[in-house]
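A short write-up of the structure that comes next.
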Amino acid sequence: MENINKHYHSLAFFDLDGTLLNKKSQLDKDVIQALHTIRDKGTLPIIATGRGHFELTELMALSGITSAIAMNGQYIIIEGETLYHDPIDVAHITKLKALADAKQQAMAFYDKSGNWVSRMTQLVKDAYAYINTPLPGINDTKHLTDEVNMLLVFSDQPEDVTYYREHVPELAYFKNSPFSIDIVNAGSNKGTGVNKVIDLLGFTGKTYGFGDGPNDIDLLANVDYATAMGNAIDELKTTADFVTTANTDRGIINAFEHWDLL
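For the sequence shown, the tail end lands on 247 under this note's numbering, and the numbers increase by one without skipping.
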């Protein structure tokens, strides 16, 4: 990849739901324009999300964004090129799945090109409706042969995070929705993704982060200038350099203006 420092003086990392997107999980027109503008002025926008990169095609086309830290740091694409992917050990997946099966909880599996679930349940339907994305297909054995980069356990019980962490400590757990738990390799998160991008690119400029939820704590802790949305959890607001308005109240636009990116 060509030296990115020739074209960009800063990198901006964005969470999606509750941050860059509106309540319908869509991009507002003024946000789309702002993203194009900051890029033209030398800031490379990069999505930082728990979603798979394959779920971002339409959003990227609208916004002009071609870079993403996907799957909570497990899969990284910069300017359309895959630079990093981290597999989850099959033994860890098998151990976790046995526990989930015993609790009659479905799991989702994410690889380089798609996602699938072990079974279809109401919580699966609720989880994907929550982020306005289509339901995946069902396959109970594909994880044994395909490289898996992220997992979900579908649970509406917050205490299940502690349960799974105690039994499979080789993995990290993020309760980012009422219906599911994001699961990646221990030590992997959006913040490690930010540092991986900087290292892989040899980037020397400034970095900005924007988020609202629990899996954005590491993201904001690893950028130079951290912005919490007005609708963010209290922990982010307390530690951020700037608290903007809510994602539904020009939050991203106001943050860009605050940091003089527009």
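Glycine included, C-beta positions come from ideal geometry on N, C-alpha and C.
Among the options, the one whose alpha carbon lies nearest that of residue i
{"i": "residue 90", "options": "80, 193 and 108", "result": "108"}
{"i": "residue 182", "options": "10, 16 and 31", "result": "31"}
{"i": "residue 197", "options": "-5, 4 and -8", "result": "4"}
{"i": "residue 235", "options": "118, 199, 9 and 16", "result": "16"}
{"i": "residue 29", "options": "170, 94, 37 and 190", "result": "190"}
{"i": "residue 24", "options": "212, 51 and 78", "result": "51"}
{"i": "residue 10", "options": "73, 179 and 119", "result": "119"}
{"i": "residue 35", "options": "7, 229 and 176", "result": "176"}
{"i": "residue 272", "options": "106, 48 and 129", "result": "There is no way to answer for residue 272, as the model of the chain reaches only from -14 to 247."}
{"i": "residue 230", "options": "214, 219 and 222", "result": "214"}
{"i": "residue 147", "options": "159, 221 and 49", "result": "159"}
Rounded distance between the beta-carbons of residue j and residue i, thought under 8 Å
{"i": "residue 44", "j": "residue 12", "result": "6 Å"}
{"i": "residue -3", "j": "residue 193", "result": "4 Å"}
Cβ shell of residue i (< 6 Å), same chain only, five flanking positions each side left out
{"i": "residue 243", "result": "227"}
{"i": "residue 263", "result": "Residue 263 is absent from the structure shown; the chain starts at -14 and stops at 247."}
{"i": "residue 209", "result": "191 and 192"}
{"i": "residue 65", "result": "51"}
{"i": "residue 185", "result": "68"}
Extent of the continuous alpha helix (DSSP H) run through residue i
{"i": "residue 180", "result": "175 to 186"}
Cutoff 7 Å; reference residue i; Cβ partners in own chain excluding five residues on either side
{"i": "residue 164", "result": "108, 111, 112, 115, 139 and 141"}
{"i": "residue 19", "result": "237, 238, 241 and 247"}
{"i": "residue 38", "result": "53, 55, 60 and 62"}
{"i": "residue 178", "result": "33, 54, 58 and 61"}
{"i": "residue 8", "result": "233"}
{"i": "residue 117", "result": "9 and 10"}
Range of the contiguous beta strand (DSSP E) that encloses residue i
{"i": "residue 100", "result": "100 to 102"}
{"i": "residue 165", "result": "165 to 170"}
{"i": "residue -4", "result": "-5 to -1"}
{"i": "residue 243", "result": "Looking at the DSSP string, residue 243 is not in any beta strand (DSSP E); the run it does join, the alpha helix (DSSP H), is 236 to 243."}
{"i": "residue 92", "result": "92 to 95"}
{"i": "residue 70", "result": "66 to 70"}
Neighbourhood of residue i by C-beta distance below 8 Å, restricted to the same chain and skipping five residues each side
{"i": "residue 171", "result": "154, 155, 156 and 157"}
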